[in-house]
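Here's the structure, in structure tokens; my notes come after.
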Amino acid sequence: MAEEGSSLARKALRSSYISTVFSISLVLFLMGMLGMLLLNAKRISDYVKENLTITVMLKAEATDDDITSMTKNLEGNTFVRNVQYVDKDSAAKNLQAELGEDFVSFLGYNPLLPSLDVQLKAEYATEENIAELQKMLVQNSLVKETYYQQSLITSITKNIRNISLIILGFSALLFFIAGALINNTIRLALYSKRLLIKSMKLVGATRNFIRKPFLVKGILQGLYGAIIADLMLLILFYYAKKEVSELMFLEDLPSTGIVLASVIVLGIFISGFSTYFAVNKYLRQRTEDVY
């Protein structure tokens with residue numbers, strides 16, 4: 249009977265230990281995802297800006313030499329990252345793919361004009377710089393018109409600061425929530441040991457002697473939880489990159505390394521800190537308050 253009770257107690261403790269570790273890992277996993285977004289907010293913004301295309305429609309009389317010369321001039325511009333020439337036939341094929349119809353055969357001729365797709369460097373992809381570049385382009389006698397997704401660049405410019413502030417604020421809030429959740433989880437786990445702590449104190453054990461095994465266990469719980477959280481993050485990054493190849497920031501090894509290391513440090517720190525104060529709480533309690 250005694251052995252059965254002891255076995256049940258061990259199972260309960262093991263279950264409590266495992267649930268504590270997984271609770272810590274889930275909280276750290278959420279913090280890791282948010283940290284990755286925060287570190288890469290600028291990279292995501294730059295990626296969107298650098299893929300913004302300004303289409304420069306050329307006149308039909310533009311020769312190959314004229315287009316080559318204009319392309320070289322644009323590539324030498326401080327604002328410009330990349331220039332790609334799209335001839336009439338390529339433009340027709342692209343439009344046919346979008347429409348799903350062969351409009352060239354229907355019309356009997358190709359009405360499209362050759363064009364240059366201009367992409368800017370991220371730091372220059374602002375409305376003012378784009379307006380300046382457009383003004384320069386329309387002065388060229390070969391250019392018929394220019395256009396780009398103005399609403400997109402306006403939205404990026406207006407919202408990127410707000411989004412960064414929101415992510416930063418949410419990160420701080422989640423940090424405190426994570427600390428509170430992990431702290432409460434560890435306090436609950438230690439509640440079952442309060443009698444043992446008080447008994448050790450009554451037989452003369454010093455506070456450091458009593459605290460040490462609990463601290464080691466708490467730190468290990470934080471470490472195991474952080475390792476599980478890191479593994480979950482790596483799996484998430486792997487499948488996110490596999491499904492959405494455009495997420496180039498996931499290939500940024502330094503940022504990923506910083507996030508994974510931060511999760512480990514946070515797991516150890518929060519768990520150790522919470523365990524330290526939870527044990528101290530029971531060390532300070534009077535004997536009659538323990539029961």
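Residue numbers (our numbering): 249 to 539.
Where is the CB? At the ideal position from N, CA and C, for every residue including glycine.
Model, not experiment: these values are computed from the prediction.
Under a 10 Å Cβ-count criterion, S293 is classified as buried, with 16 or more other Cβ atoms of the shown protein chains found around its own Cβ. Looking at the DSSP output, V507 shares a beta bridge with no other residue.
When the alpha-carbon of T504 is set against those of T523, N358, F525, M480, the nearest one is in M480. Between the beta-carbon of S271 and that of I476 there is about 11 Å, and that puts the pair past the 8 Å contact cut.
In this model, F462 and V275 are separated by some 21 Å (Cα to Cα). The Cβ-Cβ distance between P362 and K341 does not fall below 7 Å. Here V507 is near M284, since their CB atoms are less than 7 Å apart. Taking M281 as the centre and dropping the five residues before and after it, the same chain places no C-beta closer than 6 Å to its C-beta.
Excluding its 5 nearest sequence neighbours in each direction, A474 has C-beta neighbours in its own chain below 6 Å: L276, V511, I512, G515, listed in chain order. If you check the CB distance, Y372 and T303 do not come in under 7 Å. K465 carries a helical assignment under DSSP once its states are collapsed to helix, strand and coil. Straight-line measurement puts the Cα of P359 at about 18 Å from the Cα of D365. DSSP places S363 in the uninterrupted beta strand (DSSP E) bounded by 363-368. Taken atom to atom, the span from the alpha-carbon of E298 to that of D478 is near 31 Å. If you ignore the 5 residues before and after L368, its C-beta comes within less than 8 Å of the C-beta of K297, E298, L300, I302, F327, V328, R329, N377, I378, L381, all in its own chain and listed in chain order.
Between S519 and G466, the beta carbon gap of about 5 Å places them in contact (Cβ cut-off 8 Å). A Cβ-Cβ separation of about 5 Å places K307 in contact with K392 under the 8 Å criterion. Assignment of E393 by DSSP, reduced to helix, strand and coil, places it in the strand class.
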